[in-house]
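**Student:** Take a look at the following structure, please.
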Amino acid sequence: MLTISPAKIAHVIIRARKFDADVPGSGQARELRAFIAALNEDEKASLTAVMWIGRDTYDASELEEAIATAKAEATAPTEDYLLGNPMLADHLEDGLNALGISLEEAEEDIYPTV
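Numbering (numbering that gives the first Met the number 0), first residue to last: 0 to 113.
Quick look at the structure:
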């Protein structure tokens, strides 16, 4: 079971896309890094697991194993590890999709329609 809300994952995806498209030194990387660093350890492990599922390291049915592995193998700060992945946003979105969670629905929790 995910211990991070889909809305938080969507927030990371949105920030990662802005980071990928932005001018170096604009602060996008710093903001994304701070957001990930502020997550608790369970959320960080779930975020890493979703990224691994999105890049086909694990199948969606192996979510619990991926989370356990992320916790056991966390040797570097999660934000450094994840930001070192040039396809972070795509892998997270693919991971959400594999878990049956739509990015659009997750974004609605960030930006609710009135």
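Where is the CB? At the ideal position from N, CA and C, for every residue including glycine.
Here the structure is a predicted model, which is why all the values come from computation and not from measurement.
(1) Of all the alpha helix (DSSP H) runs that stay within the bounds of the stretch 47-103, which reach a length of 4 or more residues?
(2) Mind checking whether A36 and P76 have CB atoms under 8 Å apart?
(3) What's the C-alpha gap between L91 and T56?
(4) Roughly how many whole angstroms lie between the Cα atoms of L98 and I8?
(5) Quick one: is G83 buried, meaning 16 or more other Cβ sit within 10 Å of its Cβ, or exposed?
(6) Apply the 10 Å Cβ neighbour rule to A44 and answer buried if 16 or more other Cβ atoms are within range, or exposed otherwise.
(7) Between R54, E63, T2, which has its C-alpha nearest L81's C-alpha?
**Tutor:** Answer, in terms of the structure:
(1) Runs of the alpha helix (DSSP H) inside the stretch 47-103: 62-71, 77-82, 87-97.
(2) The count along the sequence shown starts at 1 and reaches residue 36 at position 37. The count along the sequence shown starts at 1 and reaches residue 76 at position 77. Going by C-beta atoms, A36 is nearer than 8 Å to P76.
(3) On the sequence shown, position 92 is the one that residue 91 refers to. On the sequence shown, position 57 is the one that residue 56 refers to. Taking the straight line joining both Cα atoms gives about 12 Å.
(4) Your numbering for residue 98 matches position 99 in the sequence shown. Your numbering for residue 8 matches position 9 in the sequence shown. Roughly 12 Å between the two C-alpha positions.
(5) One-based indexing of the sequence shown puts residue 83 at position 84. So G83 ends up on the exposed side.
(6) Counting from 1 along the sequence shown, the entry for residue 44 is found at position 45. Residue environment analysis places A44 among the buried positions, since at least 16 neighbouring C-beta atoms fall within 10 angstroms of its C-beta.
(7) Here residue 81 is taken as the residue at index 82 of the sequence shown, counted from 1. Minimum Cα distance to L81 is reached at R54.
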